[in-house]
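At position 80 of the sequence shown the residue is numbered 80 (full-length UniProt numbering), and the sequence of numbers has no breaks.
C-beta atoms are modelled at their ideal positions from N, C-alpha and C, and glycine is treated no differently.
Note that the structure is predicted; figures quoted are calculated from it, not measured.
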Amino acid sequence: MTKEIAALEANGTWVMATLPPNKKALGYVTVTTFLAVVVSRNWELHQMDVHDAFLHGDLDEDVYMKMPPGFYVGRNGMVCKMRKSSYDLRQAPRCWFAKLAASLLSYGFCRSYSDYSLFTIRRGKLELHVLIYVDDLIVAGTDL
């Protein structure tokens, strides 16, 4: 987590500010509760960082990008029609999450009603939970 926070701070992802009286701050309630359940049930826990996660999302719309200066593009005026999401696109996190969620649901996982980033599957005595946070997964259950 220290590396993730350092990367976010280096990228200028946020600035520290006082919370205005008419605003609510997003919390980590699901993560805290999830970890409390894991500890109370003595489950093994795994955290995974999905490298290049945003490059795996499928685009549902037409997006065109210019090639960086100095790269051969064939003819003047040609651009890249994106077939997959890229870190440069504002759609990237949404595309990645949609693809991962669809995959988990196809395997039989159920999405939590209270937090759409928590997925659970139960088969007999097997219980497995996957909590998604951007490009990180926390996985725990009765039998990994």
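{"Query": "According to DSSP, is V130 part of a helix, a strand, or is it coil?", "Result": "strand"}
{"Query": "Mind reading off the beta-carbon distance from L131 to L118? Whole number of angstroms is fine, and I expect it under 8 Å.", "Result": "5 Å"}
{"Query": "For P20 and Y113, what's the separation of their Cα atoms in angstroms?", "Result": "29 Å"}
{"Query": "Since D136 contacts Q47 with CB under 8 Å, what's their CB separation in whole angstroms?", "Result": "6 Å"}
{"Query": "Rounded to whole angstroms, what is the Cα-Cα separation between G124 and D143?", "Result": "11 Å"}
{"Query": "Which word fits L100, buried or exposed, when buried means at least 16 other C-beta atoms lie within 10 angstroms of its C-beta?", "Result": "buried"}
{"Query": "Could you give the first and the last residue of the continuous alpha helix (DSSP H) run that contains A140?", "Result": "Where A140 is concerned, there is no enclosing alpha helix (DSSP H), although the beta strand (DSSP E) it sits in stretches over D136 to G141."}
{"Query": "Kindly indicate the opening and closing residues of the beta strand (DSSP E) around L118.", "Result": "L118 to R123"}
{"Query": "Let's test the definition: count the other Cβ atoms within 10 Å of the Cβ of F14 and tell me whether it reaches 16, buried, or not, exposed.", "Result": "According to the sequence shown, residue 14 is Trp rather than Phe. Exposed."}
{"Query": "For I121, which residues from the same chain have a beta carbon less than 6 Å from its beta carbon, with the 5 sequence-adjacent residues on both sides left out?", "Result": "G108, F109 and L128"}
{"Query": "For the beta strand (DSSP E) holding L45, just list the boundary residues, first then last.", "Result": "E44 to D49"}
{"Query": "Mind checking A7: buried by the 16 CB within 10 Å criterion, or exposed?", "Result": "exposed"}
{"Query": "Have a look at the DSSP bridge pairing and note the partners of R111.", "Result": "F119"}
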